[in-house]
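Peer 1: First the structure, which I've put down as structure tokens, then a few questions once you've had a look.
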Amino acid sequence: QSVLTQPPSASGTPGQRVTISCSGSSSTIGSNTVNWYQQLPGTAPKLLIYSNNQRPSGVPDRFSGSKSGTSASLAISGLQSEDEADYYCAAWADSLNGVVFGGGTKLTVL
Amino acid sequence: EVQLVESGGGLVKPGGSLRLSCAASGFTFSSYSMNWVRQAPGKGVEWVSSISSSSTYIYHADSVKGRFTISRDNAKNSLYLQMNSLRAEDTAVYYCASGNTAMVTSLYWFWGRGTLVTVSS
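Taken in sequence, the protein lines are chains A and B.
One gets my numbering by counting positions in the first sequence from 1 and adding 852 to each.
With my numbering, letter number 110 in the second sequence gets 97, and the count goes up by one each step, no holes.
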């Protein structure tokens, strides 16, 4: 299993607010920033949130990130059908001297 | 426009070798760390290797340590991944991704479209 723990799936109806959690440890999220990636079906991952809560230019403000202690969360408000994708959190792991990704969360828009 | 174009994937037998390349354009390649990330069929993404801008710092995942080597040629704006002693579990799409600083972090600003590596007899 992954060093960063995410729920395998999440779902919501259009317009709803959905949150995806990412649980780590003191040597991962507890001491490093978290980044989130969105992977639409059949495409490469894309940076969605960086440095815990920053949005790259072009990412709608419906997407937001937060971090507290050894956990992080991605929130999507005003859910839209085009948000249906896989979402991954990532952080540096001090103990492994490398990067770790969460196992990914598949978001379904009902 | 930033472009990262991977090449070199293909079908290889277990125990064989392959060298992946990533051609970068649209940004100052020599100023940024670079990374390889892979995704096995139907699975999540997995970090493979990272290299700092001047090649001073190099990191590999435990799953590939001793078998894979990341390198770069700043004069050619190119990133490489030499893969030896390939195993069936190395079968994946391999993505090249650029960092946001000279040092290695988990922040991958741009990604290529990937190249498929299949290890099978």
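Think of the CB as a built atom: it goes at the ideal place given N, C-alpha and C, for glycine as much as any other residue.
Residues in the segment 945 to 960 of chain A with C-beta within 8 Å of chain B's C-beta atoms, listed in sequence order?
Peer 2: Going along the segment 945 to 960 of chain A in chain order, one finds L948, N949, G950, V951, V952, F953, G954, G955 and G956 with a Cβ nearer than 8 Å to chain B.
Peer 1: List, in chain order, every chain A residue whose beta-carbon is nearer than 7 Å to that of E33(B).
Peer 2: Neighbours of E33(B) on chain A, chain order: F953.
Peer 1: Whose C-beta lies closer than 7 Å to the C-beta of E17(B) among residues of the same chain, with five residues either side of it excluded?
Peer 2: It is Ser, not Glu, that sits at residue 17(B) in the sequence shown. Answer for S17(B): S40 and N61, listed in chain order.
Peer 1: By a C-beta neighbour count over all protein chains shown, 10 Å radius and 16 as the cutoff for buried, is N(-11)(B) buried or exposed?
Peer 2: Note that residue -11(B) is Val in the sequence shown, not Asn. V(-11)(B) comes out exposed.
Peer 1: Using the rule of at least 16 other Cβ atoms within 10 Å of the residue's Cβ for burial, across every protein chain shown, is T865(A) buried or exposed?
Peer 2: Label assigned to T865(A): exposed.
Peer 1: Nearest chain A C-beta to R54(B) closer than 8 Å, yes or no?
Peer 2: No, no contact with chain A.
Peer 1: Does the segment 42 to 58 of chain B come within contact of the segment 931 to 947 of chain A, defined as at least 3 CB pairs closer than 8 Å?
Peer 2: Contact fails: fewer than three Cβ-Cβ distances are below 8 Å.
Peer 1: Would A27(B) and S65(B) be called neighbours here (beta carbons separated by less than 8 Å)?
Peer 2: No, they are not a contact pair.
Peer 1: When the cut-off is 8 Å and only beta carbons count, does A79(B) lie next to chain A?
Peer 2: No - not a single Cβ of chain A is within 8 Å of the one on A79(B).
Peer 1: So which of S107(B), L68(B), Y82(B) and T88(B) has the shortest CA-CA distance to L5(B)?
Peer 2: Nearest of S107(B), L68(B), Y82(B) and T88(B) to L5(B), Cα basis: L68(B).
Peer 1: Using the beta-carbon count (16 or more within 10 Å), is Q868(A) buried or exposed?
Peer 2: Classification for Q868(A): exposed.
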